[in-house]
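Residue numbers (the numbering used here), protein chains in the order written: chain A, 16 to 148; chain B, 16 to 148; chain C, 16 to 148; chain D, 16 to 148.
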């Protein structure tokens, strides 16, 4: 019942030729937060299924403020919905403590061997429920 | 009154450690198509304002099929809406002639000198209207 | 006894905030040429061993000219040396027909299952010898 | 008379489809260390000339060990040579405290307005001399 919070280090190369962090590179920063929860934290809790395969089905992103490197970036991530074979993340990205971006993603657990989506397991559901609001 | 169509060359490095084109790298492919129209084609028509500054305000993307390199990728891009100070693109990305992704973006012309959004000019509006359906 | 030549499509995002193609992105362009020969052309000749695993042991790169997007880029690639368990590529990258970069790479075939380097096979040697000067 | 040391955060996307940190992404990590010294630390010392323009003339890199995400990465960077219009960096990159990469770069201060190389200033020379061994 809490947000997952993580600092993400910007890189100089995240900026494009307009001199701002590129919109696509922000998506990479969201991926870092998502992977931190789904791969690293989940694995520490004994859950390796996401790390073995999970697919993004949808992203929605609103870019609110331009960001220039260097800046301190923090991503807050939580689970909005847990279905039978998919779940949804919501994100807020703070740059120097100002809200710079809001996003949502739909995730689908994926069985790499059969190359097919699979159901969310009960243990995965319990793990994800920790990060609902 | 037509779609803008462009082939985009995949790179081996567009794949991530799951062995598929990464979801964020698809966004880079959409950027290539968008920049091709807004920067290169527009400049050939005498319009350099977008190239001087334009910002993404929002993306929505649905990922429909996984893609593995090598594959032939074509992006189709058209203008859905033209407002006073923003406009919207829609995209379809075909990989080996199958629809792999649908997306929409909201774009905002941006004045780099003043660091502020600016209005769509009449010439830009006429240019964009060519690409409405 | 010929160079392998390939056009590589620049992307707008290859530029960094100095407004030039970033030095590291040039390395990605060289990778595209290398992978085109070692993975795609070799596989057409029945050789899939490189695609299953090959590691870069060393790069040397001289950056001769700045490049701005858009530009036509062609990479020429040839094999300089074939050893027992490694081989070397040389590259020239032309941007709008001017020599912009020279590079060399040392490559090591790699057995992913055992996580160890392996020897160049006779069939691989014959394949590589086609691209010596 | 000391090495500049900095931790660099790996990203999941630094891995390629072989499941290791890609050789080109290592170059981005070296860039982060270099930019940290030349742009951020130098600017804190009142020197903004590098941040306004500096070009890579040459890289040499030896890749010694494969790296898998997650890992703790530290880059050590020092100045090997200071000439009239160029200088050289040497690097060692440690992953989980093991030496994974050695590299050298030749850097050229660059005047963006005139699009030409420029000389190293006395203040820049004094700054760089701090980081010689």
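Quick reminder that beta carbons are idealized off the backbone N, C-alpha and C, glycines included. Note that the structure is a prediction, hence the values are computed from the model and not measured.
Task: Interface residues of the segment 41 to 75 of chain C facing chain A [CB-CB below 8 Å] - done: From the segment 41 to 75 of chain C, no residue has a Cβ closer than 8 Å to chain A.
TODO: Counting only the same chain and skipping the five closest in sequence on each side, list residues whose C-beta sits under 6 Å from that of residue 117 (chain B).
DONE: A distance below 6 Å between beta-carbons, with the five flanking residues on each side excluded, links residue 117 (chain B) to the following residues of its chain, in chain order: 77 and 107.
TODO: Tell me whether residue 26 (chain D) sits in a helix, a strand or coil according to DSSP, three-state version.
DONE: In the structure shown, residue 26 (chain D) sits in coil (DSSP, three-state: anything other than H, G, I, E or B).
Task: Residues from the segment 89 to 103 of chain A in contact with chain D, defined by Cβ distance under 8 Å - done: From the segment 89 to 103 of chain A, no residue has a Cβ closer than 8 Å to chain D.
Task: Candidates D:55, D:87 and D:38, of which the one nearest residue 71 (chain C) by Cα - done: Residue 71 (chain C) has its Cα closest to that of D:38, out of D:55, D:87 and D:38.
- [ ] Could you tell me which chain B residues have their CB closer than 9 Å to the CB of residue 37 (chain D), listed as they occur along the chain?
- [x] Using a Cβ-Cβ cut-off of 9 Å, residue 37 (chain D) is close to 28 of chain B, given in chain order.
Open item on the list: Going residue by residue through the segment 95 to 137 of chain B, where are the continuous beta strand (DSSP E) segments of at least 3 residues, counting only ones entirely within it?
Closed with: DSSP runs (the beta strand (DSSP E)) wholly in the segment 95 to 137 of chain B: 102 to 110 and 113 to 126.
Task: Extent of the continuous beta strand (DSSP E) to which residue 43 (chain D) belongs - done: Counting along the chain, residue 43 (chain D) falls outside any beta strand (DSSP E), though it belongs to the alpha helix (DSSP H) covering 38 to 50.
- [ ] Closer than 7 Å by C-beta to residue 113 (chain C): which residues in its own chain qualify, once you throw out the five before and the five after it? Chain order, please.
- [x] So the list reads 80, once near-sequence residues are dropped.
- [ ] Indicate whether at least one CB of chain C lies closer than 8 Å to the CB of residue 124 (chain B).
- [x] No, because no Cβ of chain C sits closer than 8 Å to the Cβ of residue 124 (chain B).
Task: Buried versus exposed, by CB contacts within 10 Å (16 or more), residue 40 (chain B) - done: Around the beta-carbon of residue 40 (chain B), 16 or more other beta-carbon atoms lie within 10 Å, marking it buried.
TODO: Would you mind stating whether residue 69 (chain A) and residue 28 (chain D) have Cβ atoms separated by less than 8 Å?
DONE: For the pair residue 69 (chain A) and residue 28 (chain D), the CB atoms are not nearer than the 8 Å cut-off.
- [ ] Using a Cβ-Cβ cut-off of 8 Å, state whether residue 24 (chain B) counts as contacting chain C.
- [x] Judged by the 8 Å Cβ criterion, residue 24 (chain B) is in contact with chain C.
- [ ] Using a Cβ cut-off of 8 Å (strictly closer), state whether residue 2 (chain D) contacts chain A.
- [x] Nothing in the structure corresponds to residue 2 (chain D), since chain D is present only between 16 and 148.
Task: CA-to-CA distance, residue 124 (chain D) to residue 147 (chain D), given in whole angstroms - done: As the crow flies, the alpha-carbon of residue 147 (chain D) is around 18 Å from that of residue 124 (chain D).
Task: Closer than 7 Å: residue 99 (chain A) CB and nearest the ligand HEM heavy atom - done: With respect to small molecules bound, the structure shown includes none, and the ligand HEM cannot be examined in it.
Open item on the list: I'd like to know if residue 85 (chain C) contacts chain B, where contact means its C-beta is closer than 8 Å to some C-beta of that chain.
Closed with: Between residue 85 (chain C) and chain B, the shortest Cβ-Cβ separation is below 8 Å.
Task: Member of C:33, C:86 and C:100 whose CA lies at the smallest distance from the CA of residue 127 (chain D) - done: Selection C:33, C:86 and C:100 evaluated against residue 127 (chain D) yields C:33 as nearest (Cα-Cα).
Task: C-beta contact flag for residue 121 (chain A) and residue 73 (chain A) at 8 Å - done: A contact, by the Cβ cut-off of 8 Å.
Task: Host beta strand (DSSP E) of residue 75 (chain D) (start-end) - done: Following the DSSP letters along the chain, one finds residue 75 (chain D) inside the beta strand (DSSP E) bounded by residues 69 to 78.
TODO: Let me know the secondary structure DSSP gives residue 143 (chain B) once reduced to three states.
DONE: Of the three classes helix, strand and coil, the one that applies to residue 143 (chain B) here is helix, per DSSP.
- [ ] Give the C-beta separation of residue 95 (chain D) and residue 101 (chain D) to the nearest angstrom, bearing in mind that I take them to be a contact with Cβ-Cβ under 8 Å.
- [x] That pair is no contact at about 11 Å.
Task: Under the three-state DSSP convention, the category residue 91 (chain D) falls into - done: Correct three-state label for residue 91 (chain D): strand.
Task: Neighbour-count burial assignment, residue 63 (chain C), 16 or more Cβ in a 10 Å radius - done: When all chains shown are included, residue 63 (chain C) counts as exposed.
Open item on the list: For residue 142 (chain B), tell me which candidate among B:67, B:23, B:60 and B:109 has the shortest Cα-Cα distance.
Closed with: Per the Cα distances, B:60.
TODO: Pick helix, strand or coil for residue 21 (chain A), following the three-state DSSP scheme.
DONE: In the structure shown, residue 21 (chain A) sits in a strand (DSSP, three-state: E or B).
- [ ] Classify residue 22 (chain C) as buried or exposed, calling it buried when 16 or more other Cβ atoms lie within 10 Å of its own Cβ.
- [x] Exposed, by the Cβ-count rule.
Open item on the list: For residue 87 (chain B) and residue 85 (chain C), I'd like the C-alpha separation in whole angstroms.
Closed with: Roughly 21 Å separates the two Cα atoms.
Task: Proximity test, Cβ basis, 8 Å: residue 112 (chain D) and chain C - done: Output row for residue 112 (chain D): interface = no.
- [ ] Give the interface partners of residue 142 (chain D) over in chain C, defined as CB-CB distance under 7 Å, in chain order.
- [x] Under the 7 Å cutoff, chain C gives no residues; its nearest Cβ is about 20 Å from residue 142 (chain D).
Task: Sequence-distant residues of its chain with Cβ nearer than 7 Å to residue 58 (chain D) (five each side left out) - done: Closer than 7 Å at Cβ, skipping near neighbours: 66.
Task: Nearest neighbour of residue 48 (chain C), chosen from C:140, C:20, C:36 and C:31 [CA to CA] - done: Ranking the options by Cα distance to residue 48 (chain C), first place goes to C:20.
Open item on the list: Does any residue of chain G have a CB that is nearer than 8 Å to the CB of residue 35 (chain D)?
Closed with: Protein chains in the displayed structure are A, B, C and D, and chain G is not among them.
- [ ] Spell out whether any CB of chain D is found under 8 Å from the CB atom of residue 77 (chain B).
- [x] Put simply, the CB of residue 77 (chain B) is far from chain D, with every gap to its CB atoms at 8 Å or more.
Task: residue 32 (chain A) at chain C interface by Cβ criterion, 8 Å - done: So, interface residue.
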